[in-house]
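Here is the structure we will look at, set down as structure tokens.
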Amino acid sequence: MAQEKRAFGKSARVVIVSRIFSPEPAAASLRLSALAVRLRERGARVRVLTTRPPGRDSISDPDGVEVRRWPVLRDRSGYVRGYLPYLSFDVPLALRILFGPRADVYLCEPPPTTGLFTRLVCAVIRRPYVYYAADIWSDAAQATGASGLILGVVRWMEAFALRGARSVLAVTDGVSHRVAELAPGVSPHVVGHGVDLDLFSPSGPTVREPADIVYVGSASEWHGAELAVRSVVEVLRRRPGLTAAFVGQGSSWEGMRAAAAESGLSPRIRFVDTVPSPEAAAWLRGARVSIASLVPGQGYDFAVPTKLYASVAVGTPVAYAGPNPVRSMVEQNGLGRGVAYDETELADALDEMLQAKPRVDADRLVSWAQEHISASAVAGRSADVVLGG
12 MAQEKRAFGK SARVVIVSRI FSPEPAAASL RLSALAVRLR ERGARVRVLT
62 TRPPGRDSIS DPDGVEVRRW PVLRDRSGYV RGYLPYLSFD VPLALRILFG
112 PRADVYLCEP PPTTGLFTRL VCAVIRRPYV YYAADIWSDA AQATGASGLI
162 LGVVRWMEAF ALRGARSVLA VTDGVSHRVA ELAPGVSPHV VGHGVDLDLF
212 SPSGPTVREP ADIVYVGSAS EWHGAELAVR SVVEVLRRRP GLTAAFVGQG
262 SSWEGMRAAA AESGLSPRIR FVDTVPSPEA AAWLRGARVS IASLVPGQGY
312 DFAVPTKLYA SVAVGTPVAY AGPNPVRSMV EQNGLGRGVA YDETELADAL
362 DEMLQAKPRV DADRLVSWAQ EHISASAVAG RSADVVLGG
């Protein structure tokens with residue numbers, strides 16, 4: 012049962028619990044960092060319990076925010092992904108909360124294992140928590156082809172975490188709807204899906220050797236980014252002067268590299284491992300078009316690839332291949348081209364966008380981003396819920 016709600020004072024003590032936080036290059040890092048800053052501006056005392064990022068001797072954390080980091084297991088790409096890496100964070104986390112300074116309220120970021128441990132420990136110390144439903148992990152597990160047993164366990168953990176929360180934040184109406192289905196009686200607050208518009212802006216550097224077409228961000232099973240590689244290969248064969256770059260990481264990465272190598276176009280198709288967010292923004296600024304994709308029909312059609320928003324924010328149009336409602340959003344708002352999850356349709360869309368005259372107005376894209384996807388505005392709405400109800 013969800014905890015009774017009450018507003019906290021200006022000096023509220025808030026603990027953010029997340030396996031990932033700034034400066035790691037991910038949407039969750041930017042979103043939570045913005046929220047921590049906004050909570051601090053509201054007068055809250057903010058502490059973050061997170062992980063130690065790989066390969067960094069010094070870290071610059073947000074002013075006034077106390078960040079406590081713990082070493083964890085990571086996959087080969089350096090990402091905290093998989094059940095053992097999750098547990099290497101979650102088990103010590105339980106002790107960190109149990110024996111650490113008490114907070115007035117805790118904010119819990121997925122995965123559901125973290126939600127499970129947060130609910131159990133918060134019940135012991137009699138403190139409320141807010142669950143940040145940036146995604147529906149059980150739907151994502153289904154998209155990966157997980158076994159029925161694993162899927163059932165993940166779905167149970169996720170529903171357990173949602174039901175116990177004092178409040179639930181949802182990034183989209185689609186996520187909110189799925190939350191209500193998984194945990195009947197829970198009414199999420201839809202806060203939006205934001206991008207740091209200071210970081211992802213049209214003004215700033217580009218990379219030394221930009222590419223015409225870029226894919227920037229994670230490439231997991233539900234993204235189906237192998238399709239993007241095949242479409243890019245087709246476009247590059249049609250137009251010998253073009254180049255492309257894939258920047259990121261994920262479970263599909265090695266397969267994508269292999270597909271590019273088999274095409275014989277490897278010198279014109281570059282693969283770059285995950286880069287810091289400022290460099291990701293530089294790749295997007297230097298491109299003529301970016302790609303985002305999502306595999307349809309896996310119970311995950313409501314998701315919005317954050318890479319799409321980041322591209323629009325810097326003024327670069329997007330070729331999106333995937334299901335509605337995102338496809339219609341791209342088309343109706345003139346953000347680029349939205350097509351079905353089809354190799355030929357995506358290749359044709361890329362070709363048309365690269366040849367279009369005049370090109371999509373970058374200023375109009377940036378204006379749309381400022382109106383609809385400001386991380387600062389999202390953080391403000393989220394802070395209202397965390398502190399007030």
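Using our numbering, read the sequence shown as starting at 12 and increasing by one per residue. Backbone N, C-alpha and C fix where the C-beta goes; we use that ideal spot for every residue, glycine too. Keep in mind it's a predicted model, so treat the numbers as computed, not measured.
**OP:** Pull up the DSSP beta-bridge partners for SER260, would you.
**Re:** According to the sequence as given, residue 260 is Gln; it is not Ser. Bridge partners of GLN260: SER229.
Subject >> 6 Å CB neighbourhood of GLY349 in its chain, flanking five on each side removed >> reply: TYR331, ARG338, VAL341 and GLU342
Original post:
Does the Cβ of ARG53 have 16 or more other Cβ atoms within 10 Å, making it buried, or fewer, making it exposed?
Top reply: buried
Original post:
Shortest alpha-carbon distance to ALA388 belongs to which of VAL182, ALA55 and PHE32?
Top reply: VAL182
Original post:
Which term fits VAL102, buried or exposed, when burial requires 16 or more other beta carbons within 10 angstroms of its beta carbon?
Top reply: exposed
Subject >> CB-CB length for ARG279 against THR327, believed under 8 Å >> reply: With a Cβ gap of about 19 Å, ARG279 and THR327 do not count as contacting.
**OP:** Starting from the C-beta of LEU43, find all residues in its chain whose C-beta is less than 7 Å away, skip the five residues before and the five after it, and write them out in chain order.
**Re:** ILE27, SER29, PHE32 and GLU120
Original post:
Looking only at C-alpha atoms, which of GLU237, LEU84, TYR143 and GLY75 sits nearest to GLY175?
Top reply: TYR143
Original post:
Nearest to ARG218 by alpha carbon, out of ALA292, ARG79 and ALA23?
Top reply: Here the sequence assigns Val to residue 218, which means Arg is not the residue at that position. For VAL218, the nearest C-alpha among the options comes from ALA292.
Subject >> Close beta carbons around ALA47, own chain, < 7 Å, minus the five adjacent residues each side >> reply: ILE27, VAL57, VAL59, PRO73 and VAL76
Original post:
Buried or exposed: where does VAL91 fall if 16 or more other Cβ atoms within 10 Å of its Cβ makes it buried?
Top reply: buried
**OP:** Would you give the residue range spanned by the alpha helix (DSSP H) that GLY297 belongs to?
**Re:** 288 to 297
Subject >> ILE302 to ILE224 span [Cα, whole Å] >> reply: 7 Å
Subject >> For PHE100, the residue or residues it bridges with in DSSP >> reply: Paired residue(s): none; PHE100 is not in a bridge.
Original post:
At which residues does the beta strand (DSSP E) containing ARG281 begin and terminate?
Top reply: 280 to 284
Original post:
Taking the C-alpha atoms as reference points, what is the distance between SER378 and TYR117?
Top reply: 34 Å
**OP:** Label ASP184 either buried or exposed according to how many other C-beta atoms from any shown protein chain fall within 10 Å of its C-beta, with 16 as the threshold for buried.
**Re:** exposed
Original post:
So, is SER214 buried or exposed, given that buried needs 16 or more other C-beta atoms within 10 angstroms?
Top reply: exposed
Original post:
Could you give the distance in angstroms between the alpha-carbon of HIS383 and the alpha-carbon of LEU376?
Top reply: 11 Å
Subject >> Inter-stretch contact at 8 Å, needing at least 3 Cβ pairs: the segment 264 to 275 / the segment 190 to 205 >> reply: no
Original post:
When we look at the beta-carbon of ARG189 and count the other beta-carbons within 10 Å, is it buried (16 or more) or exposed?
Top reply: buried
Original post:
Quick one: what does DSSP say VAL403 is sitting in, helix, strand or coil?
Top reply: This structure cannot settle anything about residue 403, because the visible part of the chain is limited to 12 through 400.
**OP:** Could you name each continuous alpha helix (DSSP H) segment of 4 residues or more that falls completely within the segment 90 to 139, going from the start of the chain to the end?
**Re:** 94 to 110 and 123 to 136
Original post:
Between THR317 and ARG85, what straight-line distance do the alpha-carbon atoms span, to the nearest angstrom?
Top reply: 22 Å
Original post:
Straight-line CA distance for GLU4 to TYR226?
Top reply: This structure cannot speak to residue 4, because the chain is shown only from 12 to 400.
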